[in-house]
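S.K.: Quick note, the sequences are listed as chains A and B, same order. Residues 1 to 270 (the UniProt record's numbering) are what the first sequence spells out, left to right. Residues 1 to 270 (the UniProt record's numbering) are what the second sequence spells out, left to right. Supplied in C-alpha cells, the structure appears directly below.
Protein chains: 2
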Amino acid sequence: MAAWRERLAGVRGVLLDISGVLYDGGEGGGTPIAGSVEAVARLKRSGLKVRFCTNESQKSRRELVQLLRRLGFHLSEGEVTAPAPAACQLLRARGLRPHLLVHDGLRSEFHQVDTSNPNCVVIADAAEGFSFQNMNKAFQVLMELETPVLISLGKGRYYKEAAGLMLDVGAYTKALEYACGIEAEVVGKPSPEFFKSALQELGVDAHQAVMIGDDIVGDVGGAQRCGMRALQVRTGKFRPSDENHPEVRADGYVANLAEAVDLLLQHAQP
Amino acid sequence: MAAWRERLAGVRGVLLDISGVLYDGGEGGGTPIAGSVEAVARLKRSGLKVRFCTNESQKSRRELVQLLRRLGFHLSEGEVTAPAPAACQLLRARGLRPHLLVHDGLRSEFHQVDTSNPNCVVIADAAEGFSFQNMNKAFQVLMELETPVLISLGKGRYYKEAAGLMLDVGAYTKALEYACGIEAEVVGKPSPEFFKSALQELGVDAHQAVMIGDDIVGDVGGAQRCGMRALQVRTGKFRPSDENHPEVRADGYVANLAEAVDLLLQHAQP
C-alpha cells in the first residue's frame with residue numbers, strides 16, 4: 001500500500017462519523033473513545049475543514065450534540081449532517097405524510113411534518129421501539145397503500161454499545177422490504193445524495209475530502225463511491241474481517257481517531 | 001386456461017395448507033373458514049389421499065391439532081407435516097444445539113434437543129416474542145459463532161388474522177440474514193425437501209398430487225417446483241394481485257377450500 005503521504009495528499013476537508021468514532025453509546029449516554037476528544041480539538045485547530053456526518057437516528061440532532069458536549073467534545077448542531085433533517089426536506093418536497101417508526105428521542109425532528117392520514121412510512125433506529133406491535137403497524141400501513149413508500153434513515157446492519165453489538169435500522173428495513181415486496185429509499189449514509197450534501201456543507205470537492213468511520217460499507221464504501229477517500233478506525237463496530245471485505249477496501253486502517261488525526265496533521269495540506 | 005377436467009386429471013392425493021385454508025387465526029384461537037370443515041370431511045371420504053402440510057410454527061403440532069378439533073375438523077397429529085419436527089431431525093443429524101427464537105407455544109417440540117452452549121439459531125413465528133431484546137440476543141449469538149448457522153421454520157412474508165395481516169417469520173429471518181451477512185436454511189415450505197417428505201407421507205408421486213394453499217409463493221410456487229399441481233384459494237392471505245404474480249401462476253384459483261373440493265370430487269380420479 002502506498003505511503004500515507006501519498007494516500008492523504010491534497011486532503012483539505014474531513015467528514016467524521018460520530019458513533020463508534022467519537023464515542024460508544026451505552027448506559028448513561030455512552031463514553032468517549034480514548035483520545036477522540038483531543039483528536040477532534042486538534043483537527044479543528046489544524047486549518048482542515050471539519051464536519052460531522054452521522055446516521056444517528058435514535059436521537060435528535062440537538063440531543064446528540066448535547067450528549068457529545070457532556071462527553072467533552074466541542075461542536076454545534078450546525079456542524080452535523082444527520083438523516084432526520086434530510087428526510088424532513090424530502091417529505092415536504094414530495095408531499096409525503098409519514099407514519100413514524102422511530103425512537104421517541106427522534107420525534108421532535110418531525111414536529112413540523114404532517115403525520116395525519118399517512119401515505120408513507122419513515123423507519124429509523126427505534127431500538128426497543130422495534131416491538132412486534134410497532135413493526136406490524138408499520139407493515140399494515142404499507143400494505144394498505146396503493147404504492148407503498150418506505151423511507152429508511154440509513155441502512156446500518158448493527159452498531160456497538162457497551163453491552164455488545166446491537167441491531168440497527170437496516171435489519172428492520174430489510175424485514176419490511178421483504179414482507180411488502182418493496183425496496184426502501186435510504187436517507188443517510190451510504191446514499192450518494194447524503195454524502196454530497198455533507199460535502200457541500202463541508203465546502204470542499206470530493207477528491208479533497210476524507211471520510212473517517214467505523215462502518216466499512218456505510219462509511220468507507222459509500223464515501224469512496226462519491227469520489228472521496230475513506231479511513232476505517234478499528235473502534236466501534238469495526239471487526240478484523242472488515243480488512244478483508246469482499247467489496248470494499250479502505251484507503252487506510254487506523255487504530256482510532258487519534259491516529260487518523262496524527263496522520264492527517266502530518267501528511268494532509270491544510 | 002384449460003378446463004378443470006384436464007387440469008385435475010390423474011390427481012390421487014391432496015396436500016392441504018392449514019392457516020388461511022382451514023381456518024383464520026385470531027382471538028380465542030381463530031374461526032373456521034366457511035365450508036372448510038365439511039370440505040375436509042368430504043375429501044377424506046372421497047378415496048383421495050389427504051395430508052396436511054403447514055408452516056405453522058407458533059404452536060406445537062399437538063396444540064394445532066387440538067385447536068382444529070375444537071373448531072370441528074377431524075384430523076390427528078400423524079396426518080400433519082410441520083416444520084418443527086423436521087427441524088429437530090436436522091438438528092440431531094448435524095449435532096446442532098439451537099438458541100431458540102420461537103413462540104412459547106412451540107418450545108415443547110424441542111424438549112429433547114440440547115440447547116446448552118448454542119452453535120446455531122432456530123427462528124420460527126414468534127409473533128409478540130419478536131421483541132428487540134429477543135431479536136438482538138439471537139443476533140449476538142450468531143455473531144459470536146465462527147460459522148453462523150440460522151435455521152428458519154418457513155419463510156412466509158405475512159399471514160392473516162382477524163385483526164389483519166401479521167408479519168411472519170420470513171421478515172425477521174431477512175433481518176438477521178442482513179445483519180449477519182448470512183443466508184438462512186429454510187425448513188418448511190417452500191423447501192423442496194419439506195414438500196418431498198410430505199409427498200412421501202402422502203404416498204403418491206408428485207405428478208399425482210395437488211397442493212391447496214393461500215400463499216402464492218410458499219404453497220403454489222413451492223409445490224409446482226416439486227412437480228406437483230397447486231391451487232390457490234381466495235381466502236386467508238390471498239390478495240387479488242396474487243393472480244398476476246410476476247413469477248408464479250397457480251394451476252387454478254378457487255373461492256375457497258369448499259370449491260376446490262367440489263372440483264376435485266368432480267374431476268379427479270380417486
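C-beta: ideal position from N, C-alpha, C; glycine also.
When the Cα atoms are used, what is the spatial distance from CYS180(B) to VAL248(A)?
M.R.: Sequence index remark: in the second sequence, residue 180(B) carries index 180 (1-based). Sequence index remark: in the first sequence, residue 248(A) carries index 248 (1-based). Roughly 17 angstroms separates the two Cα atoms.
S.K.: Specify, as a first and last residue, the run of the beta strand (DSSP E) that residue 310(B) falls within.
M.R.: Given a span of 1 to 270 for chain B in the structure shown, any question on residue 310(B) remains unanswerable.
S.K.: Which residues of chain B have a Cβ atom closer than 7 angstroms to the Cβ of LYS174(A), listed in chain order?
M.R.: Position 174 of the first sequence, counting from 1, holds the residue named residue 174(A). Here the neighbours are LYS174, ALA175 and TYR178.
S.K.: For the segment 154-164 of chain B against the segment 161-177 of chain A, do three or more pairs of beta-carbon atoms, one drawn from each stretch, fall closer than 8 angstroms, so that the two count as touching?
M.R.: No: the two stretches stay apart, fewer than three of their Cβ pairs being nearer than 8 angstroms.
S.K.: Would you mind listing the alpha helix (DSSP H) stretches within the segment 200-235 of chain A that are 4+ residues and don't spill past its ends, in chain order?
M.R.: Segments of the alpha helix (DSSP H) lying fully in the segment 200-235 of chain A: 222-225.
S.K.: Helix or strand or just coil, what does DSSP make of PHE195(B)?
M.R.: Numbered from its first residue, the second sequence carries residue 195(B) at position 195. Correct three-state label for PHE195(B): helix.
S.K.: At what residues does the alpha helix (DSSP H) containing LEU68(A) begin and finish?
M.R.: Start at 1 with the first residue of the first sequence, and residue 68(A) comes out as number 68. Per DSSP, LEU68(A) belongs to the alpha helix (DSSP H) from 61-70.
S.K.: Give a yes or no on whether the C-beta atoms belonging to HIS267(B) and TRP4(B) are separated by under 8 angstroms.
M.R.: Counted from its first residue, the second sequence places residue 267(B) at position 267. Counted from its first residue, the second sequence places residue 4(B) at position 4. Taking 8 angstroms as the Cβ cut-off, HIS267(B) and TRP4(B) qualify as a contacting pair.
S.K.: Is it right to say SER19(A) is buried, meaning 16 or more other beta carbons lie within 10 angstroms of its own, or is it exposed?
M.R.: In the first sequence, the residue the question calls residue 19(A) occupies position 19. By the 10 Å Cβ count, SER19(A) comes out buried.
S.K.: May I ask you to list, following chain order, the residues of the segment 147-175 of chain A that have a beta carbon less than 8 angstroms from some beta carbon of chain B?
M.R.: Taking 8 angstroms as the Cβ-Cβ cut-off against chain B, the residues of the segment 147-175 of chain A that qualify are ARG157, TYR158, GLY164, LEU165, MET166, LEU167, ASP168, GLY170, ALA171, TYR172, LYS174 and ALA175.
S.K.: Apart from the five residues on each side of it in sequence, which residues of its chain come closer than 7 angstroms, Cβ to Cβ, to LEU130(B)?
M.R.: As a first step, residue 130(B) must be located in the second sequence, where it is residue number 130. The sequence shown places Phe at residue 130(B), rather than the Leu named in the question. Cβ neighbours of PHE130(B) beyond the five flanking positions: TYR172.
S.K.: Measuring CA to CA, which of PRO118(A), VAL80(A), GLU79(A) and LEU257(A) is closest to GLY95(A)?
M.R.: Position 95 of the first sequence, counted from the start, is the residue given in the question as residue 95(A). Of PRO118(A), VAL80(A), GLU79(A) and LEU257(A), the residue nearest in Cα terms is PRO118(A).
S.K.: Return the bridge partner residues of HIS245(A) from the DSSP annotation.
M.R.: Here residue 245(A) corresponds to residue number 245 of the first sequence, with the count starting at 1. For HIS245(A), which the question treats as bridged, DSSP gives no partner whatsoever.
S.K.: Any beta carbon of chain A sitting closer than 8 angstroms to that of GLN58(B)?
M.R.: Here residue 58(B) refers to the residue found at position 58 of the second sequence. With 8 angstroms as the cut-off, GLN58(B) does not count as an interface residue toward chain A.
S.K.: Which value, in whole angstroms, describes the spacing of the CA atoms of residue 272(B) and LEU68(A)?
M.R.: In the structure displayed, chain B extends from 1 to 270; residue 272(B) sits before or after that span and is not available.
S.K.: Mind the definition here: the segment 125-139 of chain A touches the segment 109-117 of chain A only if three or more C-beta pairs lie below 8 angstroms; say whether that holds.
M.R.: Too few Cβ pairs lie closer than 8 angstroms, so no.
S.K.: Three Cβ pairs or more, each shorter than 8 angstroms: is that satisfied between the segment 34-51 of chain A and the segment 84-99 of chain A?
M.R.: They do not touch, by the three-pair rule.
S.K.: Which one of GLU77(B), LEU71(B) and ALA255(B) has the shortest CA to CA distance from ARG61(B)?
M.R.: Position 61 of the second sequence, counted from the start, is the residue given in the question as residue 61(B). Minimum Cα distance to ARG61(B) is reached at GLU77(B).
S.K.: Is the number of C-beta pairs between the segment 15-33 of chain B and the segment 247-265 of chain A that are closer than 8 angstroms three or more?
M.R.: Counting Cβ pairs under 8 angstroms, fewer than three are found: no touch.
S.K.: Note down the Cα distance separating VAL11(B) from ALA209(B), rounded to an integer number of angstroms.
M.R.: As a first step, residue 11(B) must be located in the second sequence, where it is residue number 11. As a first step, residue 209(B) must be located in the second sequence, where it is residue number 209. VAL11(B) and ALA209(B): Cα-Cα distance of roughly 5 angstroms.
S.K.: Apart from the five residues on each side of it in sequence, which residues of its chain come closer than 7 angstroms, Cβ to Cβ, to PHE238(A)?
M.R.: As a working mapping, residue 238(A) is identified with position 238 in the first sequence. The answer, listed in chain order, is ASP214 and GLN232.
S.K.: Along chain B, which residues have their Cβ under 9 angstroms away from the Cβ of GLU128(A)?
M.R.: Counting from one through the first sequence, the residue named residue 128(A) turns up at place 128. Correct list: SER131, PHE132 and GLN133.
S.K.: Which chain A residues sit within Cβ distance under 7 angstroms of ASN136(B)?
M.R.: Position 136 of the second sequence holds residue 136(B). Near ASN136(B) (Cβ distances below 7 angstroms), the residues of chain A are MET166 and LEU167.
S.K.: Which runs of the alpha helix (DSSP H) at least 4 residues long sit entirely within the segment 147-191 of chain A? Give them in chain order.
M.R.: Counting whole runs of 4 or more residues, the segment 147-191 of chain A contains the alpha helix (DSSP H) stretches 169-180.
S.K.: Put ASP24(A) into one of helix, strand or coil per three-state DSSP.
M.R.: As a first step, residue 24(A) is located in the first sequence; it is residue number 24 there, counting from the start. Note: ASP24(A) maps to strand in three-state DSSP.
S.K.: Could you check where the beta strand (DSSP E) with ARG51(A) kicks off and where it finishes?
M.R.: By 1-based counting over the first sequence, the position of residue 51(A) is 51. Here the beta strand (DSSP E) through ARG51(A) covers 49-53.
S.K.: Please tell me whether GLY203(B) and LYS49(B) are closer than 8 angstroms, where the distance is taken between their beta carbons.
M.R.: Mapped onto the second sequence, residue 203(B) falls at position 203. Mapped onto the second sequence, residue 49(B) falls at position 49. It is a contact, given that the beta carbons lie within the stated cut-off.
S.K.: Just to make sure I have the definition right: I need the residues of chain B whose C-beta is within less than 8 angstroms of the C-beta of GLN140(A). Which are they?
M.R.: The sequence position of residue 140(A) within the first sequence is 140, counting from 1. Under the 8 angstroms cutoff, chain B gives GLY164 and LEU165.
S.K.: Thinking C-alpha only, which one of LYS196(B), ASP262(B) and VAL187(B) is nearest VAL121(B)?
M.R.: Along the second sequence, read from residue 1 onward, the residue named residue 121(B) stands at position 121. The option with the nearest alpha carbon to VAL121(B) is VAL187(B).
S.K.: Need the endpoints of the beta strand (DSSP E) that PRO98(B) sits in, please.
M.R.: Looking up residue 98(B) in the second sequence gives position 98. Note, PRO98(B): beta strand (DSSP E), 98-101.
S.K.: So MET143(B) contacts chain A; which residues on that side make the cut at Cβ distance below 9 angstroms?
M.R.: Here residue 143(B) corresponds to residue number 143 of the second sequence, with the count starting at 1. Residues of chain A passing the Cβ test: TYR158, GLY164, LEU165 and ARG239.
S.K.: Take LEU90(A) as the anchor and find which of GLU259(A), GLU193(A), GLU201(A) and VAL261(A) has the nearest alpha-carbon.
M.R.: Translated into positions along the first sequence, residue 90(A) becomes position 90. It is GLU193(A).
S.K.: Which residues in the same chain as PHE73(B) place their Cβ atom closer than 7 angstroms to its Cβ, once the five residues preceding and following it in sequence are excluded?
M.R.: Residue mapping note: residue 73(B) aligns to position 73 of the second sequence, counting from 1. Same-chain partners within the cutoff: LEU22, VAL37 and VAL40.
S.K.: Which two residues bound the contiguous alpha helix (DSSP H) that contains VAL113(A)?
M.R.: Residue 113(A) sits at position 113 when you count from the first residue of the first sequence. No alpha helix (DSSP H) holds VAL113(A); DSSP gives it neither H nor E.
S.K.: Pick from GLY47(A), GLU63(A), GLY156(A) and GLN133(A): whose alpha carbon is nearest that of LEU265(A)?
M.R.: Numbered from 1 along the first sequence, position 265 holds the residue referred to as residue 265(A). Closest option to LEU265(A), Cα to Cα, is GLY47(A).
S.K.: Cutting at 6 angstroms between CB atoms, please list the residues of its own chain near GLN224(A), excluding the five before and the five after it.
M.R.: By 1-based counting over the first sequence, the position of residue 224(A) is 224. For GLN224(A), where only same-chain residues beyond five positions count, the Cβ hits under 6 angstroms are ALA230.
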